[in-house]
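Step one of this worksheet: look at the structure below.
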Amino acid sequence: MKVYIPNKNASYKSYGYRQENVELENEFTNSLNGGVHLARWKHYVNLIEIIREELQKLGVIQVSAPILTPYRGTSKASPALVTGEYIGKKYIRITHELELKKKLYMSLAPVFELGYVVRDRYVTKTGKNEFYTLEVVLTPDFNFDLKNFYLMVLENAKRLAVEQGLDYNHLFDTVEVVDVLNEYLKKHSFTVEGICNYYTSISQEYPHAVFVNAPIISPLAWESTYGIPLETKWIMNNHGLGHGYYDEYRIEKLRSEFCRQQALLLEQGIEADLPEDYLKYCEYAGLPTYSFNLGIERFEEFFFRIEGNNKHETDILQ
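Per the working numbering, the sequence shown runs over residues 67 to 384.
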């Protein structure tokens, strides 16, 4: 099968933590706004390496694509590290061909993928995402168990914290796994409005959970026999950490969704090009996929958020 792969560039090289890389370590830390707790950074990078190893065991190709966007809600990356193109007066376009100011790009906001990722993101300067950020996943077995993958990340995060003598938020010790659709059908007859309302209510009931078969409004999500799009979503402290959905590269649906959003931008006087390289890739790939955003930087933020403990605010590498 022919697969179209756009050209990669230096933005996709990865740098792991090494004991001798003190200079790079200092450069990395000082490039972030306010610095970062060194021990936590080691935890973060060690967890990344475990994730890489686990993905390799699954027999898949894994690509980490750190995108240094100062407009991501939880990113601690400095705006100076990113170049982008302003579109009109409100939007900036940041593509997968980012030019980075420094060699060591690993920020606190990488996105982990299985396969090859091409990204185009359109955001307002205030941070509101107006154009889909798309993550692509190629897997030999499209029945990829995202729920257990998340739980594996969690167990290793706790183990690493104990080994490094780091305290963590122990709310993470009681993560629930909830099958939304099956639990709903045990109690109710099916309606789209009913399951959406049910999901909203149990999201509040289970503030620390991995939800599987959860309803989602997306043109890309897998549709169940009930005709609704379903996703797997991980939330912690009522904040979304990661999500994923089954996708068979429904290219016409993808293109129509991009065109719809392009038209919405044009109505506001903003001209935006379609991500043709991404669409061409999807058209030729044609493989079942499981797409997900791990949300590792948000995970780390909430994993170490301990009420009444502000020691980390001063204990940073300078």
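For each residue, glycine too, the CB sits at the ideal point set by N, CA and C.
Compute the Euclidean distance between the alpha carbons of residue 233 and residue 369, then round it to the nearest angstrom. Taking the sequence shown and counting its residues from 1, the one referred to as residue 233 is at position 167. Taking the sequence shown and counting its residues from 1, the one referred to as residue 369 is at position 303. Cα to Cα, the separation comes out at about 9 Å.
I'd like to know whether the C-beta atoms of residue 301 and residue 269 end up nearer to each other than 9 Å. Position 235 of the sequence shown, counted from the first residue, corresponds to residue 301. Position 203 of the sequence shown, counted from the first residue, corresponds to residue 269. Against a cut-off of 9 Å, the Cβ pair of residue 269 and residue 301 comes out as a contact.
Skipping 5 residues on each side, what residues in its chain have a beta carbon closer than 6 Å to that of residue 365? By 1-based counting over the sequence shown, the position of residue 365 is 299. Within the same chain, residue 365 has close Cβ partners 307.
Three-state secondary structure assigned by DSSP to residue 266: Position 200 of the sequence shown, counted from the start, is the residue given in the question as residue 266. Annotated three-state conformation of residue 266 is helix, per DSSP.
Rounded to the nearest angstrom, what separates residue 223 and residue 333 at their Cα positions? Locating residue 223 in the sequence shown gives position 157, where the first residue counts as 1. Locating residue 333 in the sequence shown gives position 267, where the first residue counts as 1. Computed Cα separation, rounded: 46 Å.
Measuring CB to CB, does residue 246 end up less than 9 Å from residue 279? Translated into the one-based positions of the sequence shown, residue 246 becomes position 180. Translated into the one-based positions of the sequence shown, residue 279 becomes position 213. Contact: yes.
Can you round the beta-carbon distance between residue 277 and residue 244 to whole angstroms, since I take them to be within the 8 Å contact cut? Counting from 1 along the sequence shown, the entry for residue 277 is found at position 211. Counting from 1 along the sequence shown, the entry for residue 244 is found at position 178. Indeed they touch by this definition, with Cβ atoms about 5 Å apart.
Thinking C-beta only, is residue 274 closer than 9 Å to residue 264? In the sequence shown, counting from the first residue as 1, residue 264 sits at position 198. In the sequence shown, counting from the first residue as 1, residue 274 sits at position 208. No, they are not a contact pair.
Enumerate in chain order the residues of its own chain whose CB-to-CB distance from residue 260 is below 8 Å, with the five nearest sequence positions on each side excluded. Within the sequence shown, the letter at position 194 stands for residue 260. For residue 260, where only same-chain residues beyond five positions count, the Cβ hits under 8 Å are 250, 254.
Any idea what DSSP makes of residue 176, helix, strand or coil? Walking along the sequence shown from the start, residue 176 turns up at place 110. Because the pLDDT at residue 176 is just 30, under 50, the model does not fix this residue reliably, and the value given afterwards should be weighed accordingly. Secondary structure of residue 176 (DSSP, three-state): strand.
Three-state class that DSSP yields for residue 274 in the structure shown: Residue mapping note: residue 274 aligns to position 208 of the sequence shown, counting from 1. Coil, per DSSP.
Could you tell me the alpha carbon to alpha carbon distance between residue 143 and residue 371, rounded to whole angstroms? Position 77 of the sequence shown, counting from 1, holds the residue named residue 143. Position 305 of the sequence shown, counting from 1, holds the residue named residue 371. Reliability fails at residue 143, whose pLDDT of 33 lies under 50, so the model's placement of it is uncertain and the value that follows must be treated cautiously. Distance between the alpha carbons of residue 143 and residue 371: 19 Å.
Quick one: give me the first and last residue of the alpha helix (DSSP H) that residue 241 is part of. As a first step, residue 241 is located in the sequence shown; it is residue number 175 there, counting from the start. Here residue 241 belongs to no alpha helix (DSSP H), and DSSP marks it neither H nor E.
Those residues which DSSP pairs with residue 302 across a bridge: The count along the sequence shown starts at 1 and reaches residue 302 at position 236. Residue 302 is bridged to 305.
Is it buried or exposed, residue 283, if we count other Cβ atoms within 10 angstroms and call 16 or more buried? Residue 283 sits at position 217 when you count from the first residue of the sequence shown. Classified as exposed, residue 283 has fewer than 16 neighbouring CB atoms from the shown chains inside 10 Å of its CB.
Span of the alpha helix (DSSP H) holding residue 220? In the sequence shown, counting from the first residue as 1, residue 220 sits at position 154. Segment 212-229, the alpha helix (DSSP H) holding residue 220.
Pick out whichever of 248, 218, 262 has its Cα sitting closest to the Cα of residue 238. If you number the sequence shown from 1, residue 238 lands on position 172. Of 248, 218, 262, the residue nearest in Cα terms is 218.
In the DSSP output, what is residue 280 paired with across the bridge? Taking the first residue of the sequence shown as 1, we reach residue 280 at position 214. Residue 280 pairs with 297.
Can you tell me whether residue 366 is helix, strand or coil according to DSSP? Working through the sequence shown from its first residue, we reach residue 366 at position 300. Residue 366: helix per DSSP, three-state reduction.
Rounded to the nearest angstrom, what separates residue 111 and residue 105 at their Cα positions? As a first step, residue 111 must be located in the sequence shown, where it is residue number 45. As a first step, residue 105 must be located in the sequence shown, where it is residue number 39. Straight-line Cα distance between these residues: approximately 10 Å.
Whole-angstrom C-beta distance between residue 113 and residue 220, which should lie under 8 Å: Position 154 of the sequence shown, counting from 1, holds the residue named residue 220. Position 47 of the sequence shown, counting from 1, holds the residue named residue 113. The Cβ separation is near 10 Å, so there is no contact.
Mark residue 367 as exposed unless 16 or more other C-beta atoms lie within 10 angstroms of its C-beta, in which case mark it buried. Indexing the sequence shown from 1 puts residue 367 at position 301. So residue 367 counts as buried.
Residue 92 to residue 109 span [Cα, whole Å]: Counting from one through the sequence shown, the residue named residue 92 turns up at place 26. Counting from one through the sequence shown, the residue named residue 109 turns up at place 43. For residue 92, the pLDDT reaches just 43, beneath the cut-off of 50, and the residue's location in the model is therefore unreliable, although a value from the coordinates is still provided. Near 16 Å, if we compare the C-alpha coordinates of residue 109 and residue 92.
Determine the direct distance from the alpha carbon of residue 216 to that of residue 119, and round the result to whole angstroms. Within the sequence shown, residue 119 is the residue found at index 53, counting from 1. Within the sequence shown, residue 216 is the residue found at index 150, counting from 1. About 14 Å.
What does a CB cutoff of less than 6 Å around residue 281 pick up in its chain, not counting 5 residues either side in sequence? By 1-based counting over the sequence shown, the position of residue 281 is 215. Excluding sequence neighbours, residue 281 sits near 261, 262, 265, 294.
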